[in-house]
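Numbering of the sequence shown is given in the numbering used here, commencing with residue 1 and proceeding in unit increments.
The beta-carbon is built from N, C-alpha and C at its ideal position, and this holds for glycine as well.
A quick note: this is a predicted structure, and the numbers were derived from the prediction, not measured.
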Amino acid sequence: MDLAEFEYSGIKIQGYSEGGIRTSIIWPNLDLAFDMGNTYPGQTRYKNLLLTHSHLDHFAGVPYYISQRSLQRLQPPNIYYPKEIHNDLAELFKIYSRLEDFEYKVNLIPMELGKRLELNKQYSFAAHKTFHRVPSQGYTVYETKVKLKPEYADLNQSEIVKLKERGTEISQKIIEPVFSFSGDTKIEYVLEHEDVRKSKVLFLECTYLDEKKDVEHTRLWGHTHLFEIAEHAEKFENERLILLHFSPRYSYKFIREQVQKKLPKYLWDRVEFFFPAKHSAKK
Ligand SMILES: [Zn+2]
Ligand SMILES: [Zn+2]
């Protein structure tokens, strides 16, 4: 399968996304997957799965993922999801386990919105509310950095060593949003969450692009329209904006032309498409 690949500032992402068909995002270095609309060989190796919602184009691969990890005696996966769907998920996986006649080993973790959970010393993540037709949430990954306190920023190495020897606390922890993934949502996901707008990298759904499927239709189905991204262009503070989840009705060529035409240049310059590698060039 020809995967999409994205790399920027140490953030390496793979996967694929077609609106209504399948969406799966993987961050291999963090052992992290976002949604699992399908499966391909190797995808089951990642231990943490962050689910945005239960529509099958984001979810169909999940029972297979748990089943494979159980069969291969890999560590039970950690699956995070909106807390409203907990009972249904628990029941669903119990039924699959019964049908397959072996134990499904899995850690089911309903998320509290806005509460950060640690992945490791450097990275953590939190769920933020999205606006879709079923219970849903997007995810933001945060990086914890240790930086010199501003008042010591101008000191040279030997002055810093002296302060350290005296036991002065010269550094502080800073927690920055580095990556957000929207799943399926109306534009409010961007408008209502500062951490999403400030994420260094934002993966944002953009299901519809033209007048044939207009803004009203798009909002009715709980999605984001290109015209809304254009309308709010100045609110995006992201260094990279990756658009995905386009309706399969559009060709790669049409998507590129339409996005370039509708977005102001300062935002277009930061845009990338999450297309299979051979189609991903911007021009
Ligand atoms: Zn979808
Ligand atoms: Zn959906």
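Point to revise | Sub-8 Å separation of residue 21 and residue 248 beta-carbons | key: Along the sequence shown, read from residue 1 onward, the residue named residue 21 stands at position 21. Along the sequence shown, read from residue 1 onward, the residue named residue 248 stands at position 248. Result yes, Cβ atoms of residue 21 and residue 248 sit closer than 8 Å.
Exercise for review: Identify, in the order they occur along the chain, each residue of the same chain with its Cβ nearer than 8 Å to the Cβ of residue 258, setting aside the five sequence neighbours on each side.
Suggested key: If you number the sequence shown from 1, residue 258 lands on position 258. Around residue 258: 209, 210, 226, 250.
Review point. Of the residues 184, 180, 181, 151, which one's Cα is nearest the Cα of residue 168?
Key: Position 168 of the sequence shown, counted from the first residue, corresponds to residue 168. If we check each option's Cα against that of residue 168, 151 comes out closest.
Review point. Which residues does DSSP pair with residue 145 in a beta bridge?
Key: Position 145 of the sequence shown, counting from 1, holds the residue named residue 145. Note: residue 145 sits in a beta bridge opposite 174.
Review point. Mind pulling the alpha helix (DSSP H) runs of 4 or more residues that sit fully within the stretch 212 to 264?
Key: 215 to 220, 226 to 231, 252 to 262
Check your understanding: Cα-Cα, which of 62, 241, 37 is closest to residue 47?
Key -> One-based indexing of the sequence shown puts residue 47 at position 47. Nearest of 62, 241, 37 to residue 47, Cα basis: 62.
**Study point:** Residue interval of the alpha helix (DSSP H) (run including residue 68)
**Key:** Within the sequence shown, residue 68 is the residue found at index 68, counting from 1. Counting along the chain, the alpha helix (DSSP H) containing residue 68 begins and ends at 62 to 71.
Check your understanding: Within 10 angstroms of its Cβ, does residue 205 collect 16 or more other Cβ (buried), or is it exposed?
Key -> Walking along the sequence shown from the start, residue 205 turns up at place 205. Classification of residue 205: buried, given that the 10 Å Cβ count is 16 or more.
Check your understanding: Residues with a Cβ closer than 6 Å to any heavy atom of ligand 2, in chain order?
Key -> 53, 55, 132, 184
Check your understanding: residue 74 to residue 94, Cα distance in whole Å?
Key -> Position 74 of the sequence shown holds residue 74. Position 94 of the sequence shown holds residue 94. If you take the alpha carbons of residue 74 and residue 94, they lie about 19 Å apart.
Practice item. Consider the C-beta atom of residue 58 and the heavy atoms of ligand 1; say whether any pair is separated by less than 7 Å. Key: Taking the sequence shown and counting its residues from 1, the one referred to as residue 58 is at position 58. Because some heavy atom of ligand 1 lies under 7 Å away, the Cβ of residue 58 counts as near it: yes.
**Study point:** 7 Å Cβ shell around residue 252 - same chain, five flanking residues per side excluded
**Key:** In the sequence shown, counting from the first residue as 1, residue 252 sits at position 252. These residues qualify, in order along the chain: 275, 279.
**Study point:** Strand pairing of residue 82, partner residues [DSSP]
**Key:** What you label residue 82 is simply residue 82 of the sequence shown in a count that begins at 1. Paired residues: 111.
**Study point:** Under the three-state DSSP convention, the category residue 59 falls into
**Key:** Mapped onto the sequence shown, residue 59 falls at position 59. Helix, per DSSP.
Review point. On the three-pair Cβ rule with 8 Å, is the stretch 78 to 93 touching the stretch 158 to 174?
Key: no
Check your understanding: Does DSSP put residue 17 in a helix, in a strand, or in coil?
Key -> Working through the sequence shown from its first residue, we reach residue 17 at position 17. Three-state result, residue 17: strand.
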